[in-house]
Amino acid sequence: MARIGVVGAGRVGAVLSAALRAAGHEVVAAAGDSPASLHRIATLLPGVGVAKPTDVARACDLLLLTVPDDMLSNVVTTLVGAGAIREGQVVCHTSGRHGLAVLEPATSIGARPIAMHPAMTFTGTDLDLDRLAGCVFGMTAGVGERAYAESLVADLGGIALWVSEDKRTLYHAGLAHGANHLVTLVSQAMELLAASGAEDPAATLRPLLTAALDNALASGDAALTGPIVRGDVRTVQAHLDDIAENAPATIPSYVAMAKATADRAVLDGRLLPIRAARLVRMLDEALLRVGETASVMARRPNTRSETR
Numbered sequence: 014m015a016r017i018g019v020v021g022a023g024r025v026g027a028v029l030s031a032a033l034r035a036a037g038h039e040v041v042a043a044a045g046d047s048p049a050s051l052h053r054i055a056t057l058l059p060g061v062g063v064a065k066p067t068d069v070a071r072a073c074d075l076l077l078l079t080v081p082d083d084m085l086s087n088v089v090t091t092l093v094g095a096g097a098i099r100e101g102q103v104v105c106h107t108s109g110r111h112g113l114a115v116l117e118p119a120t121s122i123g124a125r126p127i128a129m130h131p132a133m134t135f136t137g138t139d140l141d142l143d144r145l146a147g148c149v150f151g152m153t154a155g156v157g158e159r160a161y162a163e164s165l166v167a168d169l170g171g172i173a174l175w176v177s178e179d180k181r182t183l184y185h186a187g188l189a190h191g192a193n194h195l196v197t198l199v200s201q202a203m204e205l206l207a208a209s210g211a212e213d214p215a216a217t218l219r220p221l222l223t224a225a226l227d228n229a230l231a232s233g234d235a236a237l238t239g240p241i242v243r244g245d246v247r248t249v250q251a252h253l254d255d256i257a258e259n260a261p262a263t264i265p266s267y268v269a270m271a272k273a274t275a276d277r278a279v280l281d282g283r284l285l286p287i288r289a290a291r292l293v294r295m296l297d298e299a300l301l302r303v304g305e306t307a308s309v310m311a312r313r314p315n316t317r318s319e320t321r
């Protein structure tokens with residue numbers, strides 16, 4: 014069982030540390046400055062002391078670096094420069110984008126590097142603990158650390174997916190495009206339904222989106238349905254007209270996804286190229302109109318009267 018220190022007690026770090034603690038490891042210290050991080054340490058890691066990152070690193074055998082991607086390189090360099098990382102210590106980060114290269118300063122002094130990214134969205138509460146069961150972890154490690162890395166994933170109840178160093182960014186892009194952009198898409202759909210008069214947009218969408226997601230995961234493009242695939246030009250035009258009137262900020266994403274859908278429907282033979290071309294022209298025109306309207310509004314002088 015490892016003595017674990019976590020630097021960056023955010024949503025991911027606090028949850029993974031708590032899960033490893035529940036599996037029998039000892040969490041000896043955690044670093045976190047924000048009120049949210051301190052609250053997570055207190056609730057998910059009760060009794061664990063809060064310390065400076067350098068002190069956390071010196072106190073542990075397994076150092077979890079769960080900081081934002083853009084901060085990771087600087088954190089590693091700083092800890093190594095301070096002499097807080099030592100030979101033989103396991104240094105594990107949870108970034109999806111980065112592999113082992115970002116840990117090179119630690120590796121160069123004999124630390125054992127591991128990249129372990131959970132393919133999951135986190136709330137930073139104990140609700141996440143049950144979600145780790147069956148969660149896929151994007152893993153990158155050298156031959157000497159591979160067995161140890163697999164044991165960590167097993168302790169978390171997860172499944173190891175080995176990702177080569179040069180494919181880490183592509184792996185992460187697939188997850189971000191699917192999950193993060195899905196949230197934006199669903200939020201915009203709920204706004205449109207609310208504008209149409211739906212009292213509970215989420216309840217209206219949930220059965221449809223659940224079925225669409227299950228079908229897409231099982232069948233890919235074969236699960237595509239709707240007016241784009243059918244080539245219903247007039248229906249799409251009606252969508253664009255009403256969206257432009259009620260939620261113009263949604264037009265760019267609607268157009269982008271509609272054009273991507275049309276391309277995929279043409280490739281699998283369900284949409285004739287000539288009809289797809291007509292749809293694309295119409296979509297481009299709608300996007301242009303929204304842009305022109307925004308430009309006019311931006312140039313319009315402020316004529317609002319001031320109340321004295």
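Heads up, this note's numbering is the position in the sequence shown plus 13, with the first residue counted as 1. Every residue, glycine too, gets a C-beta built ideally from N, C-alpha and C. Here the structure is a predicted model, which means the values were calculated and not measured.
(Q) Using only the alpha-carbon positions, how far apart do His292 and Val246 sit? (A) By one-based count along the sequence shown, residue 292 stands at place 279. By one-based count along the sequence shown, residue 246 stands at place 233. The residue asked about is misnamed: residue 292 is Leu in this sequence, not His. Computed Cα separation, rounded: 6 Å.
(Q) Can you tell me where the alpha helix (DSSP H) holding Thr90 begins and where it ends? (A) Within the sequence shown, numbered from 1, the residue matching residue 90 stands at position 77. Residues Asp82 to Gly94.
Q. Between Arg317 and Leu218, what straight-line distance do the alpha-carbon atoms span, to the nearest angstrom?
A. In the sequence shown, residue 317 corresponds to position 304, counting from 1. In the sequence shown, residue 218 corresponds to position 205, counting from 1. Its pLDDT being 46, under 50, Arg317 is placed unreliably in this model, and the value from its coordinates should be taken loosely. If you take the alpha carbons of Arg317 and Leu218, they lie about 40 Å apart.
Q.
Tell me the rounded alpha-carbon separation between Leu221 and Gln102.
A. Your numbering for residue 221 matches position 208 in the sequence shown. Your numbering for residue 102 matches position 89 in the sequence shown. Straight-line Cα distance between these residues: approximately 49 Å.
Q | Terminal residues of the alpha helix (DSSP H) in which Pro214 lies | A | Locating residue 214 in the sequence shown gives position 201, counting from the first residue. Here the alpha helix (DSSP H) through Pro214 covers Pro214 to Ser232.
Q) Would you report the Cα separation of Ala3 and Ala224, rounded to the nearest angstrom? A) Missing from the structure shown is residue 3; the chain here goes from 14 to 321 and no further.
Q. Is the Cβ-Cβ distance between Leu77 and Val19 less than 7 Å?
A. Locating residue 77 in the sequence shown gives position 64, where the first residue counts as 1. Locating residue 19 in the sequence shown gives position 6, where the first residue counts as 1. Yes, they are a contact pair.
Q) Are the stretch 252 to 260 and the stretch 192 to 207 touching by the rule of at least three beta carbon pairs closer than 8 Å? A) yes
Q. Among Thr120, Gln250, Val93 and Leu165, which one has its Cα closest to the Cα of Pro354?
A. No information on residue 354 is available, as it lies outside the stretch 14 to 321 that the chain covers here.
Q. Considering Thr197, what are the terminal residues of the alpha helix (DSSP H) in which it resides?
A. Counting from one through the sequence shown, the residue named residue 197 turns up at place 184. Arg181 to Ser209 is the extent of the alpha helix (DSSP H) around Thr197.
Q | Distance, Ala132 Cα to Gly155 Cα | A | On the sequence shown, residue 155 is found 142 positions in, with the first residue counted as 1. On the sequence shown, residue 132 is found 119 positions in, with the first residue counted as 1. Looking at the two C-alpha atoms, the distance is approximately 21 Å.
Q: Have a look at Leu253 and Leu237 and give me their C-alpha separation to the nearest angstrom.
A: One-based indexing of the sequence shown puts residue 253 at position 240. One-based indexing of the sequence shown puts residue 237 at position 224. Each residue's Cα considered, the two are about 20 Å apart.
Q.
Using CA atoms only, rank isn't needed, just tell me which of Thr197, Leu85 and Ala32 is closest to Arg144.
A. Here residue 144 refers to the residue found at position 131 of the sequence shown. Nearest of Thr197, Leu85 and Ala32 to Arg144, Cα basis: Ala32.
**Q.** Unbroken beta strand (DSSP E) run spanning Ile98, endpoints
**A.** On the sequence shown, residue 98 is found 85 positions in, with the first residue counted as 1. Careful: Ile98 lies outside any beta strand (DSSP E) and carries neither H nor E.
Q: Report the option in His111, Leu85, Thr56 and Val104 whose CA atom is closest to the CA atom of Tyr184.
A: Against the sequence shown, residue 184 aligns to sequence position 171. Considering only alpha carbons, the answer is His111.
Q) Given a threshold of 16 other Cβ atoms within 10 Å of its Cβ, counted over all protein chains shown, does Arg321 qualify as buried or as exposed? A) Within the sequence shown, the letter at position 308 stands for residue 321. Residue confidence for Arg321 is low, a pLDDT of 34 falling below 50, so the modelled location carries little weight; the figure read from the coordinates is stated next. So Arg321 counts as exposed.
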